[in-house]
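Q: Reminder that position 160 of the sequence shown reads as 160 in full-length UniProt numbering, one-by-one numbering, no gaps. Don't be surprised by glycine CBs; every beta carbon is placed ideally from N, CA and C.
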Amino acid sequence: MISEKPSNELWLVNYFAPWCYSCKALTPEWRHLAKMARDLPNVYIGEVNCEKESIVCMGQGIRAYPSIRLYPFDSKGVSTFAIYSGYTKTARSLFHWLFNFLPSPVLELNPSTFNDHVMMDKDVWLVDFYAPWCGHCVEFAPVFHVIAQMLLEEQTILVHAPSPSNLMPSTPPGG
């Protein structure tokens with residue numbers, strides 16, 4: 001099944017062995033990650049028991065457990081992948097890593113485009129004012145991305161904007 005991954009899907013796969021202590025420790029985090037990612041369209045979280053599916057694991061060159069691989073969008077099958085090499089294997093750290101591979105429906109604005117698009121538009125906009133050096137802002141980015149995916153069907157426009165004080169127009173719209 002894994003070798004038949006279509007190009008319009010992203011798969012995150014945990015290759016594990018049931019006797020492996022680190023794999024056992026990862027299990028609750030992996031389940032939590034699956035719940036966190038369940039609303040992301042065409043994103044699948046799975047696992048392969050290498051004791052039962054040794055041919056699959058050998059074909060993928062799995063030599064250590066757990067091995068976490070991401071098979072990205074725009075790739076068919078399993079020839080293209082990214083390997084998670086982070087030390088921390090929590091649901092949150094894995095979700096942040098996964099987030100980097102997702103296409104974003106979020107627009108990045110600067111003061112000029114903010115005024116032209118948001119302030120002068122009659123559409124509904126959801127704006128996340130953030131600073132790239134702000135830990136809370138960085139932590140919220142994947143959550144905002146999930147919200148963006150969910151609201152995309154509503155035709156709501158979502159934006160990351162650097163700072164509210166830098167984006168406000170000097171004169172009110174229409175004034």
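Buried or exposed, going by whether 16 or more other CB atoms sit within 10 Å of the CB of Pro-18?
A: exposed
Q: Determine, using beta carbons only, whether Ile-62 and Cys-50 come nearer to each other than 7 angstroms.
A: yes
Q: With 16 other CB atoms within 10 Å as the buried threshold, where does Ala-37 fall?
A: buried
Q: Can you look up Glu-108 in the DSSP assignment and give me helix, strand or coil?
A: strand
Q: Short of 8 angstroms in beta carbon distance, which residues of its chain neighbour Asp-39, apart from the five on each side in sequence? Order them along the chain.
A: Counting only Cβ-Cβ distances below 8 angstroms, and skipping sequence neighbours, we find Val-146, Gln-149 and Met-150.
Q: I'd like the list of long-range same chain contacts for Val-56, defined as Cβ closer than 7 angstroms, with 5 residues on each side in sequence excluded.
A: Ile-2 and Val-48
Q: For Trp-30, count neighbouring C-beta atoms within 10 Å of its own C-beta (all shown protein chains included) and say buried if the count is 16 or more, exposed if not.
A: buried
Q: Contact between the segment 112 to 132 and the segment 83 to 96 is defined here as three or more beta-carbon pairs at a separation below 8 angstroms; is this criterion met?
A: no
Q: What does Arg-69 pair with, by DSSP beta-bridge criteria?
A: DSSP, once it has assigned bridges, lists Val-13 and Ile-83 as partnering Arg-69.
Q: Helix, strand or coil for Val-78, going by three-state DSSP, please let me know.
A: Secondary structure at Val-78: coil, using DSSP grouped into helix, strand and coil.
Q: Indicate whether Val-43 and Leu-70 have their beta-carbon atoms separated by less than 7 angstroms.
A: At the C-beta level, Val-43 and Leu-70 stay beyond 7 angstroms of one another.
Q: Below 8 angstroms CB to CB, which residues in the same chain sit around Gly-46 once its five sequence neighbours on both sides are set aside?
A: Closer than 8 angstroms at the Cβ level, and outside the excluded window around Gly-46, lie Ile-2, Trp-11, Leu-12, Val-13 and Asn-14.
Q: Can you check DSSP and say which residues form a bridge with Glu-47?
A: Asn-14
Q: To the nearest angstrom, report how far apart Asn-8 and Leu-126 are at their CA atoms.
A: 27 angstroms
Q: Under the rule that 16 or more other beta-carbon atoms within 10 Å means buried, what is Val-118, buried or exposed?
A: buried
Q: Indicate the three-state DSSP secondary structure (helix, strand or coil) for Asn-8 in the structure shown.
A: The answer is coil: DSSP assigns Asn-8 none of H, G, I, E or B.
Q: Looking at the structure shown, is Leu-126 part of a helix, part of a strand, or coil, going by DSSP?
A: strand
Q: Under the three-state reduction of DSSP, which class applies to Ile-2: helix, strand or coil?
A: helix
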